[in-house]
Amino acid sequence: MKGFIKLSLFTFIIVGLSGCIGEEYDFSPPTVTLSANDVLDVELKETNVDWRGEEGKQYRKETNTRNGINRAKKQQQLAVAPETPGNLRFDSEDFLVNDISSYTISTSNAKQDISINEQDRTFTFPKKKGNYVYVLELQTDEATHNM
250 MKGFIKLSLF
260 TFIIVGLSGC
270 IGEEYDFSPP
280 TVTLSANDVL
290 DVELKETNVD
300 WRGEEGKQYR
310 KETNTRNGIN
320 RAKKQQQLAV
330 APETPGNLRF
340 DSEDFLVNDI
350 SSYTISTSNA
360 KQDISINEQD
370 RTFTFPKKKG
380 NYVYVLELQT
390 DEATHNM
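For what it's worth, my numbering labels the leading residue of the sequence shown as 250, then goes sequentially.
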């Protein structure tokens, strides 16, 4: 009976540990969703990325600023009232956020910094009514990510 218990326990431990060995982790840059009032969501598109993935594998994507702005204008638009609360969500976060900053660019190319609460990633949309391109800069322990 003791032999059966030991064999059962050994088998249980081996099966339990083998489930951990085959796991794969996603080390790709995160997808970021911008949300207004927790109702309207838009997934931000990547522009400039310098990221180290699994086993230090480099992932790099560069877009010049003008093309990045034009690309952003083609994205799904998010219509919100001035000073609407917004927030950012990451699809994964297996990295350390060192710095997160954002700004808007108006149709007249005026740049306005947007203050983000780094704890809950909330912010307020601009006071002035108009069309804006939202730019997010994310500095992490893995790299730099602009959207």
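Beta carbons are placed, not taken as given, at the ideal position from N, Cα and C, and that holds for glycine.
Of the candidates Glu332, Glu292, Ile365 and Lys310, Lys310 places its Cα closest to the Cα of tryptophan 300. Valine 329 sits away from threonine 353, with the two beta carbons spaced by 8 Å or more. Within the DSSP secondary-structure output, serine 350 pairs in a beta bridge with Glu386. The alpha carbon of glutamate 367 has as its nearest neighbour, out of Leu337, Asp287 and Ser357, the alpha carbon of Leu337.
Linking leucine 293 to serine 351 through their CA atoms gives a straight-line distance of about 12 Å. Residue state for lysine 310 is assigned as strand, using DSSP reduced to three classes. Of Asp348, Asp369, Ser284 and Glu295, the smallest CA-CA separation from proline 278 is found for Glu295.
When C-alpha distances from lysine 323 are compared across Asp390, Asn380, Pro375 and Ser341, the shortest belongs to Asn380. Contact between proline 334 and proline 375 is absent: CB atoms are separated by about 12 Å, not below the 8 Å threshold.
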